[in-house]
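Take a look at the structure below.
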Amino acid sequence: MLTPQRAGGRRVFTYRDRARLILIQKFRRVGFSLEQIADYLAHYRSGRPSAGQYRDGLRKIRARLAELERMQSEIAEVMVELKAMEGRRRAAARHLHA
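As numbered in this note's numbering, residues 12 to 109 make up the sequence shown, in order.
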């Protein structure tokens, strides 16, 4: 996804490379795969993205948001169940020690 220039044995990153790296890190942090990030960045290789490319990127972001919201809901449900189990176990433990 990055193609830094070489100066001897060292890689030299341009401003554009650094900006792309920051964008890659942001997308990784929010759960996009490297393949999805590469696809998103491909829109920028040919210059300015088209309106369709922006819509495609927006669709991918919305899909990831929906996925995270589903996960958040599932986690909340599991936490409620675990807290109920914990309460029942505490009550049982108190009953056994009484």
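Here a beta-carbon is modelled for each residue, glycine too, at the ideal position from N, C-alpha and C.
In the structure shown, the three-state DSSP call for Arg101 is helix. Beta-carbon to beta-carbon, Met12 and Ala62 are separated by about 24 Å, too far to satisfy the 8 Å threshold. If you look at Arg22, you'll find it in the beta strand (DSSP E) that goes 21-23. In this structure, the alpha-carbon of Gln47 lies about 27 Å from that of Arg17.
Within the same chain, Arg75 come within 7 Å of Val41 by CB-CB distance, once the 5 residues on both sides are set aside. Boundaries of the alpha helix (DSSP H) harbouring Arg39: 26-40, taken from the DSSP string.
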